[in-house]
Amino acid sequence: MKHIIMVKFKDDIDNIDEIIDEIEVLFNKSVSIQGVSKVEIHQNIIHLPKRYDLMIVINMEKNSLLYFDNSDIHHIWKEKYGKYLSSKVIFDY
Numbered sequence: 586m587k588h589i590i591m592v593k594f595k596d597d598i599d600n601i602d603e604i605i606d607e608i609e610v611l612f613n614k615s616v617s618i619q620g621v622s623k624v625e626i627h628q629n630i631i632h633l634p635k636r637y638d639l640m641i642v643i644n645m646e647k648n649s650l651l652y653f654d655n656s657d658i659h660h661i662w663k664e665k666y667g668k669y670l671s672s673k674v675i676f677d678y
């Protein structure tokens, strides 16, 4: 399955590139979680008001979502980076 996280950063965030680099390092550690096989980080190249800024794609076994949700990676993501986000969309398929 693919677990997709799409985020839009708040307009007043100046160091988005630095934050994205940190997010990439964090999420790349997800491959150590049981059932997670691959992580891809995609940054939007078209900057328009209704566009999201970042897409994180995690390939995992369906039953591994619980492991990911309970991981330190997920908790750090929410606690450290949640304050920079104006919106977030989650999609699994």
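So for the sequence shown, our numbering puts the first residue at 586; every next one is plus one. Beta carbons are placed, not taken as given, at the ideal position from N, Cα and C, and that holds for glycine. Predicted model, so just to flag it, every value in this text is computed and none were measured.
Tell me where the alpha helix (DSSP H) around residue 609 begins and ends.
For the purposes of this step, residue 609 is identified with residue 24 of the sequence shown, where counting begins at 1. Note, residue 609: alpha helix (DSSP H), 601-613.
Residue 644 bridges to which residues according to DSSP?
Here the question's residue 644 lines up with position 59 in the sequence shown. Bridge partners of residue 644 according to DSSP: 587 and 623.
If you draw a straight line from the alpha carbon of residue 667 to that of residue 627, how long is it in whole angstroms?
Position 82 of the sequence shown holds residue 667. Position 42 of the sequence shown holds residue 627. Each residue's alpha carbon lies about 18 Å from the other.
With a threshold of 16 other CB atoms inside 10 Å of the CB of residue 621, please say whether the residue is buried or exposed.
As a first step, residue 621 must be located in the sequence shown, where it is residue number 36. Burial check for residue 621: the Cβ neighbour count within 10 Å reaches 16 or more, so the residue is buried.
Which partner residues of residue 594 appear in the DSSP bridge assignment?
Numbered from 1 along the sequence shown, position 9 holds the residue referred to as residue 594. 670.
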